[in-house]
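Listed in order, the protein sequences are those of chains A and B.
Per my numbering, residue 28 is the first one in the first sequence, and the count goes up by one each step.
Per my numbering, residue 28 is the first one in the second sequence, and the count goes up by one each step.
Have a look at the structure below before the remarks.
There are 2 protein chains.
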Amino acid sequence: MARKSTDTKEKLLDAFETLLERHGTSGATLDAVAAEAGVSKGGLLYHFGSKAELVKGSLDRLRVLVSEDIKEMKAAEAGPHIFYLETSAEIGTPLDRSLVAASRLSHEYDEARETLREIRNAWLEVINDHLGDIHLAHTIQLIGDGLYLKESVGLSAEEAVEHVKNVLARLGL
Amino acid sequence: MARKSTDTKEKLLDAFETLLERHGTSGATLDAVAAEAGVSKGGLLYHFGSKAELVKGSLDRLRVLVSEDIKEMKAAEAGPHIFYLETSAEIGTPLDRSLVAASRLSHEYDEARETLREIRNAWLEVINDHLGDIHLAHTIQLIGDGLYLKESVGLSAEEAVEHVKNVLARLGL
DNA sequence: TAAACTATACCGTCCAGACGGTATAGTTGA
DNA sequence: TCAACTATACCGTCTGGACGGTATAGTTTA
Numbered sequence: 028m029a030r031k032s033t034d035t036k037e038k039l040l041d042a043f044e045t046l047l048e049r050h051g052t053s054g055a056t057l058d059a060v061a062a063e064a065g066v067s068k069g070g071l072l073y074h075f076g077s078k079a080e081l082v083k084g085s086l087d088r089l090r091v092l093v094s095e096d097i098k099e100m101k102a103a104e105a106g107p108h109i110f111y112l113e114t115s116a117e118i119g120t121p122l123d124r125s126l127v128a129a130s131r132l133s134h135e136y137d138e139a140r141e142t143l144r145e146i147r148n149a150w151l152e153v154i155n156d157h158l159g160d161i162h163l164a165h166t167i168q169l170i171g172d173g174l175y176l177k178e179s180v181g182l183s184a185e186e187a188v189e190h191v192k193n194v195l196a197r198l199g200l
Numbered sequence: 028m029a030r031k032s033t034d035t036k037e038k039l040l041d042a043f044e045t046l047l048e049r050h051g052t053s054g055a056t057l058d059a060v061a062a063e064a065g066v067s068k069g070g071l072l073y074h075f076g077s078k079a080e081l082v083k084g085s086l087d088r089l090r091v092l093v094s095e096d097i098k099e100m101k102a103a104e105a106g107p108h109i110f111y112l113e114t115s116a117e118i119g120t121p122l123d124r125s126l127v128a129a130s131r132l133s134h135e136y137d138e139a140r141e142t143l144r145e146i147r148n149a150w151l152e153v154i155n156d157h158l159g160d161i162h163l164a165h166t167i168q169l170i171g172d173g174l175y176l177k178e179s180v181g182l183s184a185e186e187a188v189e190h191v192k193n194v195l196a197r198l199g200l
């Protein structure tokens, strides 16, 4: 039936990220990704000629999602820093899933590490531009990282956000 | 030469953790661990009968290191929370190395995830007991997590600690 | 002598990747 | 308009290598 190429590519990337999240890099084999996406292995390799291309495809999509997120951040009513903390605690969004996948990959692929570094810097810049306080900006980013890490260890980050907001209030935020 | 069994075991665990940190779980094969430790594969399997036992050995050692760390935390002059933040930014210590290894393993081994959860809870308890402020305790732990994550992505966490201390000062800490 | 190894040879399984083939939608030119 | 051709989107099979684990025979040192 030859569905649109982009649809299948997205499905393959979704499958790749799902498997990375569930079982780590060792679980995200080409066979498993193809099966998860409901595509044959040959089909997968038609779209992504190698595992490296699959990794690259995932990171490319992450960069797009982040640039969209940064637009939202800048436009957020409560300010970019609050938006940042709240979205750090969100799980299951396309951005979150893509970010988790990249962090799994970062242990074995330098390109993933580099991408995560760039993303971190972009976020920090937005927060610092808004607050005009580099100490606070760094601290908020660390808290966001912490929320993300907590979630990735399988603990709820939602209640933690409330604790953070309580503390931020004391700082006049 | 038949050196002490415990020495070789430690060397094997060191090698395992080194490879986990450098190349992730996929790089820490039994062959590679044995080679890194300067031991034959047979020698490795003499001490750790399977890869699962190697994982368990690493987590057991981590738990010991953490219990020692908690003693130091409680006795720290500047308070457990400052000790916690400063040691979160330290890299290359046995505890740090063991912790990085466990976090690599946590993506593929439930036991590692569970161990990390327990450790997090233990640290939080100490900080909360000292500060008597659950909001602050959670926030400090998140910052510590952030420092750890930042370091594990290959960025220096040392300067970040200074930013955090600046902010903590505003909170009367 | 027994514990602590080394060295080597395997085995079954899984994985990345290559390859040949198929189906179909669109394009071109006589 | 229709046959010839091209591009896209797959499927199924195979191979070479790596990995976890087993087995076994010999070696070193307290």
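For glycine and all other residues, C-beta sits at the position ideal for the given N, C-alpha and C.
- In the three-state reduction of the DSSP assignment, residue 33 (chain A) falls in the helix class.
- Residue-level contact check: residue 142 (chain A) does not touch chain B, since none of the beta carbons of chain B fall below 7 Å from its beta carbon.
- Your pair residue 132 (chain A) and residue 91 (chain A) does not check out as a contact, with CB atoms roughly 17 Å apart and the cut at 8 Å.
- For residue 118 (chain B), the CB contacts under 7 Å within the same chain, skipping 5 residues up- and downstream, are 178 in chain order.
- For the stretch 169-197 of chain B, the set of residues with a beta-carbon nearer than 9 Å to any beta-carbon of chain A comprises 169, 170, 171, 172, 173, 174, 175, 176, 177, 179, 180, 181, 182, 184, 186, 187, 189, 190, 191, 192, 193, 194, 195 and 197, in chain order.
- Residue 108 (chain A): member of the alpha helix (DSSP H) spanning 107-115, first to last residue.
- Looking at A:80, A:171, A:40 and A:102, the one whose alpha-carbon comes closest to that of residue 128 (chain A) is A:40.
- At a cut-off of 7 Å, the C-beta of residue 124 (chain B) has no neighbouring C-beta in chain A.
- Along the stretch 97-131 of chain B, going in chain order, the ones with a CB nearer than 9 Å to a CB of chain A are 130 and 131.
- For the pair residue 52 (chain A) and residue 104 (chain B), the Cα-to-Cα distance works out to about 42 Å.
- Judged by DSSP in its simplified three-state form, residue 182 (chain A) adopts coil rather than helix or strand.
- At a beta-carbon threshold of 9 Å, the residues of chain A lying near residue 133 (chain B) are 51, 179, 180 and 181, ordered along the chain.
- In the structure shown, residue 136 (chain A) adopts coil according to DSSP, grouped into three states.
- Between residue 187 (chain B) and residue 157 (chain A), the CB-CB gap reaches or exceeds 7 Å.
- In this structure, the alpha-carbon of residue 182 (chain A) lies about 11 Å from that of residue 141 (chain B).
- Taking CB atoms only, residue 166 (chain A) has a neighbour in chain B less than 7 Å away.
- Chain A has a Cβ within less than 7 Å of the Cβ of residue 163 (chain B).
- DSSP places residue 200 (chain B) in the coil class of the three-state scheme, outside both helix and strand.
- Bounds of the alpha helix (DSSP H) holding residue 87 (chain A) are 78-102.
- With fewer than 16 other beta carbons inside 10 angstroms of its own, residue 80 (chain B) counts as exposed.
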